[in-house]
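Protein sequences, first through last, are from chains A and B.
For the first sequence, the numbering used here begins at 4 and goes up steadily by one.
For the second sequence, the numbering used here begins at 37 and goes up steadily by one.
Just so you know, even glycine gets a beta-carbon here, dropped at the ideal spot from N, CA and C.
Below: the structure, in structure tokens.
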Amino acid sequence: MKDSIILLKTLLLSTSQHNIYKHSTDKKRRRRVIGNYVGLACLYLMLIGYSIAMCIGYGESGLIEAAPVMSAIVISTLAFLFTFFKTNGYLFNFKEYDMLMSLPFESRTVTGCKFLYMYIKSLPWYLSISLAMMIGYGIYAHPSPVVYPVWILLSFVLPVIPMLLASFLGFLIARVSSGFRKNNIIQTILTMAFIILCFSLRYIIEAVIRDDQVENTLQSVSEATENAGRVYLPVGWFAGAVRGPVVSDILLLTGVSLLLFVIVFRIVGNSYRSINSALKSHAAAKKYRMNGQKKHSVINAIAYKEFKRLTGSTTYMTNGAIGVILSALFGIVTLILGFDKIVDTVTRNAPFDHVILQPAIPFILYFFIGMLATTACSPSLEGKNYWIMQSLPIEKTTIYKGKMLFNMYLTVPFMVFGILCMGISAKVPVPELIMDLILGVVLCAFSTAWGCVCGIRHMRLDWENEIEVIKQGAAVSIYLLPNMFAVMGLVVLMVFLGMKMNHILLSGIMILIVAALAVASYLRALSLAGRM
Amino acid sequence: MSTKAMLEIKNYSKTYGEGKKAVDDVSLTVESGDIYGFIGHNGAGKSTTIRAVVGVLDFTEGEILIDGHSVKDEEMECKRITAYIPDNPDLYENLTGIQYLNFIADVFDIDAAERETSIKKYADLFEITDSLGDMISSYSHGMKQKVAIISALIHKPRLLVLDEPFVGLDPKATFTLKEIMHEMCAQGTAIFFSTHVLDVAEKLCNKVAIIKHGRIIASGTMEELTEGHSLEETFMEADHEG
């Protein structure tokens with residue numbers, strides 16, 4: 004126990020922005036810490052606002068009793084997905100592994116502390132959602148006063164089970180991958196496959212039980228959320244505990260979380276060293292023969308370096324390339340099943356003319372592709388290798404042009420492919436399809452350049468673990484969240500305007516607006532790069 | 037002073053993908069009071085051996101004992117008496133030097149007065165006391181190496197394992213470290229370290245092993261091995277024959 008406290012305290016201190024602010028003598032770095040705090044506060048406020056708005060929606064529609072379940076579903080889903088994306092970087096393949104494992108810590112102490120570290124770092128996000136929804140619930144449902152302390156207490160417990168499940172899955176993937184020579188590739192493929200499975204799980208379940216239960220149980224939002232509590236028990240326990248409050252539900256949620264924690268980290272700890280040994284070992288073939296060298300332009304050489312950086316890290320690959328892979332899969336599925344069928348499934352057979360969705364196709368794909376621009380994290384990912392680029396006789400702007408070029412290489416083919424698949428399936432006329440393609444490419448350019456602006460402005464080179472800049476960095480958060488919310492709004496706007504305006508005209512206007520934003524972002528990125 | 041085996045490596049092998057052996061049937065013994073040099077080319081298997089000794093790298097073939105305890109089965113007993121300094125120490129960059137040293141002192145349960153005395157002693161010796169309040173990220177490679185060395189010394193290990201300890205150290209720090217190694221050795225600590233610097237190994241070590249392509253090609257006391265020649269000549273000869 005004492006060992007765990009010492010290690011956990013040090014892990015938290017070693018990534019504490021407050022510690023940097025307190026001890027750093029570099030004014031620029033201290034200013035960046037304040038900037039990070041302000042940026043994070045804005046994001047928390049956004050999340051709180053979104054959660055309260057969701058509660059108001061429930062309250063106004065007389066469904067406020069569904070709020071605890073919905074809060075638990077949102078937190079559990081986010082906790083599961085975010086942990087799954089981070090597990091590889093936090094539990095395995097972390098750079099101070101040698102230092103920690105050579106100290107007298109049990110393997111399960113190291114893994115348990117790494118998990119608790121992940122939990123504490125992500126807790127403010129989950130608390131923002133949960134406590135905001137508790138306030139909304141309090142306003143509309145007027146529950147008994149005892150609900151509030153129970154809700155607050157269980158908000159700390161709720162993310163534990165999904166995080167443990169995600170960590171355990173990450174462990175299983177690492178264990179399977181460690182048996183292969185190309186363990187990095189196997190780990191990436193398995194992780195991606197599982198993420199894709201998660202995204203499509205809802206539709207798979209619906210397809211399996213469509214005929215009997217789903218049509219009936221999904222008649223109302225309230226019933227649907229209640230149903231979720233029966234499928235995933237912790238959600239039901241949470242709802243029961245805060246609505247009752249039911250003591251058995253409180254004890255079940257807390258007890259199972261604790262028990263699962265002990266079991267998972269006993270299992271993980273047992274084979275932790277062997278997995279890490281295998282993952283960190285790089286078999287040397289020593290068969291290289293010098294031949295077939297090619298010359299590339301500087302900008303393409305940088306883009307190629309970025310490609311190798313992406314494919315060389317499971318964490319970066321699963322976070323950076325998942326959007327383009329999902330977009331390609333979405334395009335293929337649409338082409339096979341048909342645009343109408345997909346729309347019917349997503350909108351539950353809502354009666355409307357599907358043609359109005361056609362102008363929104365590039366934005367639907369951009370929702371996936373723009374999820375994360377590699378340019379948002381690649382400046383920070385240089386980390387300790389920053390000196391390499393800095394010491395080479397290359398203009399700073401060229402370095403970032405190369406990074407942007409790589410993101411274009413990565414995103415444009417998938418955007419074009421996705422639009423063609425969806426466009427053909429939706430029978431979009433050729434002139435409109437061409438406009439959609441242009442809009443798609445322009446969106447990629449905007450994502451690339453805007454990501455680069457965020458990446459340079461919030462560059463952080465002193466990270467301990469690459470996940471800190473890939474998943475939690477200020478650059479990525481500031482790029483990702485407004486971008487995601489804006490896209491969702493734009494999809495709605497395109498559908499709305501599509502009913503009133505000609506498709507080509509609407510796409511033309513959007514192309515001009517997005518192109519202007521892309522050019523402005525590009526010039527800003529170059530200007531920031533030039534000043535470095 | 038009576039000697040006893042502090043580190044025993046028995047028939048240790050490490051295989052990476054496709055059955056290729058990075059280390060093949062390595063056996064050696066380091067006794068208390070020994071300064072044992074482990075020399076070889078880049079990629080010869082030195083770090084793979086050292087990482088297994090300190091419990092970082094898993095292995096299936098052979099046995100490694102520290103003061104009679106098995107690295108595989110009695111991990112904690114081994115780690116409590118061992119200190120390891122890697123060739124390129126990855127310390128927590130966002131801690132200050134003193135925060136990092138306190139972390140290590142906490143791990144080894146060193147009381148406040150004792151840690152203060154030993155941190156001060158070694159920090160003064162390595163002339164780094166003034167910088168202990170600064171972030172490790174602001175340190176040079178040599179300064180990080182010094183912090184790693186101090187962290188290894190403050191808990192008075194009975195086995196000190198160092199991977200290329202002199203890389204990045206300034207001449208004064210190199211001299212200080214050698215003095216400390218002699219002092220520890222006189223007190224009965226066993227020291228096992230890898231190096232490329234043959235002159236240093238020759239002057240510092242009483243025993244040496246030469247590893248090539250994962251196999252020990254020569255080992256023994258310095259006198260037995262060199263037979264009046266320089267270590268460099270011996271190494272080149274063994275390398276040529278091996």
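(message) By the three-class DSSP mapping on this structure, what secondary structure does A/Leu369 have?
(response) The question names Leu, but residue 369 of chain A in the sequence shown is Tyr. Correct three-state label for A/Tyr369: helix.
(request) Jot down the residue ranges of each uninterrupted alpha helix (DSSP H) in the stretch 237-318 of chain A, minimum 4 residues, whole runs only, in chain order. (result) 250-273, 275-283, 301-314
(message) Against chain A, does B/Asn130 count as a neighbour if the rule is that its beta carbon must be under 7 Å from one of theirs?
(response) Contacts with chain A at 7 Å (Cβ-Cβ) include B/Asn130.
(message) Taking 8 Å as the limit between beta carbons, can you name the residues of its chain near B/Gly169, skipping five residues before and five after?
(response) Short of 8 Å from the beta carbon of B/Gly169, and not among the five residues preceding or following it, lie these beta carbons of its own chain, in chain order: Thr132, Gly133, Ile134.
(message) Quick check: B/Met171 and A/Ser105, are their CB atoms within less than 7 Å of each other?
(response) No, these two residues do not count as a Cβ contact at 7 Å.
(message) So, with DSSP's three-state summary, where would you put A/Phe499?
(response) helix
(request) Locate the alpha helix (DSSP H) running through B/Asp199, then write down its first and last residues. (result) Looking at the DSSP string, B/Asp199 is not in any alpha helix (DSSP H); the run it does join, the beta strand (DSSP E), is 195-199.
(message) Nearest by alpha-carbon distance to A/Gln361: which of A/Pro354, A/Phe342, A/Leu200, A/Thr378 is it?
(response) Selected option, being the one with the closest Cα: A/Phe342.
(request) Throw me the rounded Cβ distance for the A/Phe499 and A/Leu282 pair, which I believe falls under 8 Å. (result) 49 Å between Cβ atoms; not a contact.
(message) Could you check whether the stretch 496-513 of chain A touches the stretch 426-442 of chain A, counting it as contact only if at least three pairs of C-beta atoms, one from each stretch, sit closer than 8 Å?
(response) Contact holds: three or more Cβ-Cβ distances are below 8 Å.
(message) With DSSP as the reference, identify every bridge partner of B/Ser106, one or two as the case may be.
(response) B/Leu101
(message) Let's see if you can read the secondary structure: which residues bound the beta strand (DSSP E) around B/Asn47?
(response) 41-52
(request) Check the Cβ of B/Gly178 against every Cβ in chain A and list those closer than 8 Å, keeping chain order. (result) Within chain A, no residue comes near B/Gly178; the closest Cβ sits about 16 Å away, beyond 8 Å.
(message) Measuring straight from C-alpha to C-alpha, what distance separates A/Leu484 and B/Pro193?
(response) Taking the straight line from one Cα to the other gives about 50 Å.
(message) Is the separation between the beta-carbon of A/Thr451 and that of A/Met407 shorter than 7 Å?
(response) yes
(message) Restricting to Cα atoms, I'd like to know which of A/Tyr120, A/Phe87, A/Leu11, A/Val41 is closest to A/Thr318.
(response) A/Phe87
(request) Starting from the C-beta of B/Lys82, find all residues in its chain whose C-beta is less than 8 Å away, skip the five residues before and the five after it, and write them out in chain order. (result) Same-chain partners within the cutoff: Phe74, Ile75, Gly76, Asp199, Ser230, Ile247.
(request) Kindly indicate if chain A contains any beta-carbon less than 7 Å away from that of B/Lys57. (result) For B/Lys57, the answer is no, since every Cβ of chain A falls outside 7 Å of its Cβ.
(message) Using C-beta distances below 6 Å, list every residue in its chain close to A/Gly454, excluding the 5 sequence neighbours before and after it, in chain order.
(response) Ala376, Thr378, Ala379, Tyr482
(message) Check for me: the beta strand (DSSP E) holding B/Val66 runs from which residue to which?
(response) 56-67
(request) Report buried or exposed for A/Val415, applying the criterion of at least 16 other Cβ atoms within 10 angstroms of its Cβ. (result) buried
(message) Our contact map puts A/Gly421 next to A/Leu493 with C-beta atoms below 8 Å; I'd like the distance itself, whole angstroms only.
(response) That belief does not hold up - the Cβ atoms of A/Gly421 and A/Leu493 are roughly 16 Å apart, past 8 Å.
(request) Quick one: using the 10 Å Cβ neighbour count with 16 as the cut-off for buried, is A/Trp466 buried or exposed? (result) By the Cβ-count criterion, A/Trp466 is buried, with 16 or more other Cβ atoms from all chains shown falling within 10 Å of its own Cβ.
(request) List in chain order: all unbroken alpha helix (DSSP H) runs of 4+ residues lying wholly within the stretch 429-484 of chain A. (result) Taking 4 residues as the shortest admissible run, the stretch 429-484 of chain A contains the following complete alpha helix (DSSP H) segments, listed from N- to C-terminal end: 433-460, 470-473.
(request) For A/Thr112, I'd like the list of residues in its chain whose CB is within less than 6 Å of its CB, leaving aside the five on either flank, ordered along the chain. (result) Asp6, Ser7
(request) Could you tell me the distance, in whole angstroms, from the CA atom of A/Glu68 to the CA atom of A/Ala521? (result) 44 Å
(message) Comparing C-alpha positions only, which one of A/Leu43, A/Ile37, A/His357 sits nearest to A/Met502?
(response) A/His357
(request) Please compile the residues from chain D whose C-beta is within a distance smaller than 7 Å of the C-beta of B/Tyr120. (result) The structure shown contains no chain D; the protein chains it does contain are A and B.
(request) Could you name the residues of the same chain whose beta carbon sits closer than 7 Å to that of A/Lys89, not counting the 5 residues immediately before and after it, in chain order? (result) Met121, Ile470, Lys474
(message) I'd like to check one pair, A/Val301 with A/Thr400: are the Cβ atoms closer than 7 Å?
(response) no
(message) Against chain A, with Cβ distances strictly below 7 Å, would B/Ser173 count as a contact?
(response) yes
(message) Residues of chain A with CB closer than 8 Å to the CB of B/Pro125, please, in chain order.
(response) Met102
(request) Please look up how many angstroms separate the CB atoms of A/Phe268 and A/Phe118, rounded, as I've assumed it's under 8 Å. (result) In this structure A/Phe268 touches A/Phe118 by the C-beta definition: roughly 7 Å separates them, less than 8 Å.
(message) For A/Ser1, would you say it is in contact with chain B, using Cβ-to-Cβ distances shorter than 7 Å as the test?
(response) Any answer about residue 1 of chain A is impossible in this case: the structure gives chain A only from 4 up to 535.
(message) Tell me which residues share the same chain as A/Asp215 and place their Cβ nearer than 8 Å to its Cβ, disregarding the 5 neighbours each side in the sequence.
(response) Bear in mind that a pLDDT of 48 at A/Asp215, under 50, signals an unreliable position, so the model cannot answer this.
(message) Looking at the secondary structure, which residues open and close the alpha helix (DSSP H) in which A/Phe88 lies?
(response) For A/Phe88, the enclosing alpha helix (DSSP H) starts and ends at 70-94.
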